[in-house]
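Going down the list, the sequences are from chains A and B.
Residue numbers for the first sequence follow this note's numbering, so the first one is 1 and each next one is one higher.
Residue numbers for the second sequence follow this note's numbering, so the first one is 157 and each next one is one higher.
Protein chains: 2
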Amino acid sequence: MAHAHDLADALAALDAHYQAMPPVATMGLAVAGYDGARLRLHAPLARHVNDKGCAFGGSLVSLMTLAGWGLVTLRLHDAGIDADVFVADSEVRYLQPLFADLAAEAELDEGVDWDAALADLRGRGRMRVALVARVRLPDGVVAAQAHARFVAVAKG
Amino acid sequence: MAHAHDLADALAALDAHYQAMPPVATMGLAVAGYDGARLRLHAPLARHVNDKGCAFGGSLVSLMTLAGWGLVTLRLHDAGIDADVFVADSEVRYLQPLFADLAAEAELDEGVDWDAALADLRGRGRMRVALVARVRLPDGVVAAQAHARFVAVAKG
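Listed below in structure tokens is the structure:
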């Protein structure tokens, strides 16, 4: 985990990276926090409301995908590695309608050996890692959950 | 399958339904066709481009989810049933980067008995149905694929 000002710089860079993508710029997304293990993103319900007055499923997936992508990007930054990060696949469950602002969190899935993944990336130029991302209701109940695999490919 | 002008009305109503959702209104989505079995949606790459110049994964899922939701909605309209339609879960595979406009298609998954699902909805007020949605490259190769379950709940 980097120093506080390095962390602030890394989160500012991540936010700039998000906002530079046209489909993300319209989401009203904000980086809400990163503790070295879990990245949290927020977005206002008003931008993501569906025909039933709750959060659109596509928006939930987008926010969870961006949280996962951001988590891998930040962890690679912490490790001093410059890589392109791609989502490879995901399983999503929509469990509860969300009638509040969107808050997504992403972390490594249980049992993931991050150091082994980093060794793959350093040795072979490529890694694959499993994450879990969730959107919770204001009371903490999980509204949507995604298990996703991301691939990172070393640059240059 | 309804008469041609009924079909045009149904597609216009579906498009209006899509455009009324703020996160969808920003997507530049257009209904490209419906033949009674397969719904096709388009969206311009410029609205959905990521940091690597190709289509953002969240946009691909959103478009496939909207195609699936629209397919169920149209098929229920064809059957004369008014119901709320929800996505329940999905498995998504991102197979190829897409550097062109987005074209998604959704249809019932193999082996789905639509008449049995309709009987559930009419008899118990609720049905669950499995769909497959795909986004293809301009040459027809599948760029992303989603297997998704949707739930419909009868209104009133």
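Even glycine gets a Cβ: it sits at the ideal position worked out from N, Cα and C.
Those residues which DSSP pairs with residue i across a bridge
{"i": "A:GLN145", "result": "A:ARG93, A:ARG134"}
{"i": "B:VAL243", "result": "B:PHE306"}
{"i": "B:MET283", "result": "B:ALA308"}
{"i": "B:GLU266", "result": "B:GLU266 is not bridged to any residue."}
{"i": "A:TYR34", "result": "A:LEU39"}
{"i": "A:GLU102", "result": "It is worth fixing the name first, because residue 102 of chain A is Leu in this sequence and not Glu. DSSP lists A:ALA43 as partners of A:LEU102."}
{"i": "B:VAL205", "result": "B:ALA211"}
Outcome for residue i when other beta-carbon atoms lying within 10 angstroms are tallied against a minimum of 16
{"i": "B:ARG313", "result": "As shown, chain B starts at 157 and ends at 312. That puts residue 313 of chain B outside it, with no answer to give."}
{"i": "A:GLU110", "result": "exposed"}
{"i": "B:HIS233", "result": "buried"}
{"i": "A:ARG124", "result": "exposed"}
{"i": "B:GLY148", "result": "Outside the modelled stretch of chain B, which goes from 157 to 312, sits residue 148 of chain B, for which no answer is possible."}
{"i": "B:ARG284", "result": "exposed"}
{"i": "B:VAL309", "result": "exposed"}
{"i": "B:HIS161", "result": "exposed"}
{"i": "B:GLY224", "result": "buried"}
{"i": "A:ALA13", "result": "exposed"}
{"i": "B:ALA260", "result": "buried"}
{"i": "A:ARG126", "result": "exposed"}
{"i": "A:ARG122", "result": "exposed"}
{"i": "A:ALA116", "result": "exposed"}
{"i": "A:ALA144", "result": "buried"}
Chain B within 7 Å of residue i, Cβ atoms only
{"i": "A:ALA88", "result": "yes"}
{"i": "A:THR73", "result": "no"}
{"i": "A:PRO23", "result": "yes"}
{"i": "A:VAL129", "result": "no"}
Contact with chain A by residue i, beta-carbon distance below 7 Å
{"i": "B:ASP207", "result": "yes"}
{"i": "B:ARG249", "result": "yes"}
{"i": "B:PHE212", "result": "yes"}
{"i": "B:VAL217", "result": "yes"}
{"i": "B:ARG203", "result": "yes"}
{"i": "B:HIS198", "result": "no"}
{"i": "B:HIS233", "result": "no"}
{"i": "B:HIS303", "result": "no"}
{"i": "B:HIS173", "result": "yes"}
Whole-angstrom C-beta distance between residue j and residue i, which should lie under 8 Å
{"i": "A:ARG149", "j": "A:ALA130", "result": "5 Å"}
{"i": "B:HIS198", "j": "B:ASP257", "result": "6 Å"}
{"i": "A:GLU107", "j": "A:LEU60", "result": "That belief does not hold up - the Cβ atoms of A:GLU107 and A:LEU60 are roughly 17 Å apart, past 8 Å."}
{"i": "A:LEU95", "j": "A:ALA55", "result": "Contact doesn't hold; Cβ gap of about 12 Å is too wide."}
Assess, as a yes-or-no matter, whether the segment 133–150 of chain A is touched by the segment 9–22 of chain A under the definition of 3 or more beta carbon pairs within less than 8 Å. no
Three or more C-beta pairs under 8 Å: does that hold for the segment 177–192 of chain B against the segment 239–253 of chain B? no
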